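All residue numbers for the sequence shown refer to our numbering, where the first residue is 1045 and numbers rise by one.
Quick reminder that beta carbons are idealized off the backbone N, C-alpha and C, glycines included.
Note that this is a predicted model, so its numbers are computed, not measured.
Everything on this sheet refers to the single structure shown next.
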Amino acid sequence: MNEKCINVNNLTKVEETMFITLYARALDNTSKNPILYDKTAQNIVGHLNYDFINLKVTKEKYNTAIRTKELDDRIKRFIARNANAVVLDLGCGLDSRILRVNPPDGVSWYDIDFPEVIKLRKHFYTERSGYNMIGASLLDSNWLSGIPSDQPAIIVADGVLPFIKGKDIKELFNRLTNYFQSGEIAFNGYTTLAVRLMKNTPSIKTIGVEASMGFDDPREPESWAPRLKLAEEAFLIESSYASKMPFGFRILSKLMSLSPNIKREGGRILRYKF
């Protein structure tokens, strides 16, 4: 495959946001202290005809790498407890989570994103027994059909929710929790302030997309879907992986952790059982 041979001109603005996290993971891999060691991300960046430099991804790479690693770990722990687990990665983009987690036989993994994104994804990933890619809007009520509903499911959404309207998120979460008999949902939960600030980040401004969903109370999603029960609120600045961040970033994290409200603005992983 020749360098920069794949054009990506036909994507919507929301679909284009996947390049922010892709590039952040690639930059993490080239840093002195990688968190993800995601060589696949770096390889994909090298094969796409896209101006990644123009995204101006800088500090976001630390937050992205940590939250992604924390979500990877939660999937691994769930799989360790449930050998026949179903894994759903909502809005997977070009993420290589399936490769990083490397689930054993018996696990059924589904990556879901818009049809154009999955079409692009198939340049780099191949379906196999136990691994399927589904090209559909998350708001489409039909894509769940065919996925086993009687096996414990873990559902992750990494950086997706701010680009879905609140009403649609509630419908999605109700659909998911009513479909599966049991499981967990884990995602990075943006606060209302974080969403407001996101609108001014260089990468979001470059793409021209709007973020619309944020909430502060970690128990709020329990009101979205009756079966959801908060199991965990974990702060990224308190992650064990934060030790790999630059010195200045670590000092700032220490200061932020002194206040429960402020440390929430540094990013968090929310996990719910149902």
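Cβ contact (3+ pairs, closer than 8 angstroms) linking the segment 1101 to 1113 and the segment 1273 to 1293: The segment 1101 to 1113 is in contact with the segment 1273 to 1293.
Glycine 1227 classed as buried or exposed, judged by whether at least 16 other C-beta atoms fall within 10 angstroms: Counting of Cβ neighbours within 10 angstroms places glycine 1227 among the buried residues, the total reaching 16 or more.
Opposing strand residues paired with glutamate 1276 [DSSP bridges]: DSSP, once it has assigned bridges, lists Arg1315 as partnering glutamate 1276.
Beta-carbon proximity list for methionine 1062, same chain, < 7 angstroms, skipping 5 on both sides: For methionine 1062, where only same-chain residues beyond five positions count, the Cβ hits under 7 angstroms are Gly1137, Leu1138 and Val1161.
Span separating the alpha-carbon of tyrosine 1223 from that of isoleucine 1079: Rounded to whole angstroms, the gap between the alpha carbons of tyrosine 1223 and isoleucine 1079 is 34 angstroms.
Nonlocal neighbours in the same chain, by C-beta distance under 7 angstroms from alanine 1238, ignoring five residues either side: Same-chain partners within the cutoff: Gly1258 and Glu1309.
For phenylalanine 1217, the nearest candidate out of Phe1096, Leu1272, Tyr1234 and Asp1117 (CA to CA): Ranked by how close their Cα comes to the Cα of phenylalanine 1217, the residues Phe1096, Leu1272, Tyr1234 and Asp1117 have Leu1272 in first place.
Beta bridge counterpart(s) of methionine 1029 as assigned by DSSP: With the chain covering only 1045 through 1318, there is no way to say anything about residue 1029.
Of the listed residues Asp1072, Leu1092 and Arg1263, nearest to cysteine 1049 (C-alpha basis): Of Asp1072, Leu1092 and Arg1263, the residue nearest in Cα terms is Leu1092.
The segment 1246 to 1255 touching the segment 1184 to 1199, judged by at least three CB pairs closer than 8 angstroms: Judged by Cβ distances under 8 angstroms, the segment 1246 to 1255 makes no contact with the segment 1184 to 1199, as fewer than three pairs qualify.
Validate contact between the segment 1120 to 1137 and the segment 1080 to 1100 using beta carbons, cut 8 angstroms, 3 pairs: As far as the Cβ criterion goes, the segment 1120 to 1137 does not touch the segment 1080 to 1100, which means the pair count is below three.
Collapsed DSSP secondary structure at aspartate 1260 in the structure displayed: In the three-state reduction of the DSSP assignment, aspartate 1260 falls in the coil class, being assigned neither a helical nor a strand state.
Simplified DSSP state of isoleucine 1229, which is helix, strand or coil: In the three-state scheme derived from DSSP, where H, G and I count as helix and E and B as strand, isoleucine 1229 is classed as strand.
Secondary structure of valine 1161, DSSP reduced to three states: Helix, per DSSP.
Residue burial classification, methionine 1242 (beta-carbon count within 10 angstroms, cutoff 16): Burial call: buried.
Inter-residue Cα distance where the pair is asparagine 1126 and asparagine 1073: Taking the straight line from one Cα to the other gives about 30 angstroms.
Identified DSSP bridge partners for arginine 1172: Its beta-bridge partners are Tyr1175.
Identity of the residue in Glu1171, Pro1206 and Arg1219 nearest serine 1189 by Cα: Distances from the CA of serine 1189 to each of Glu1171, Pro1206 and Arg1219 were compared; the closest alpha carbon is that of Arg1219.
Identity of the residues DSSP links to aspartate 1133 by a beta bridge: In the DSSP output, where bridge partners are listed per residue, aspartate 1133 has Asp1155 and Val1200.
Under the three-state DSSP convention, the category asparagine 1073 falls into: In the structure shown, asparagine 1073 sits in a helix (DSSP, three-state: H, G or I).
Neighbour-count burial assignment, aspartate 1149, 16 or more Cβ in a 10 Å radius: A residue is called buried once 16 or more other Cβ atoms fall within 10 Å of its Cβ, and aspartate 1149, having fewer, is exposed.
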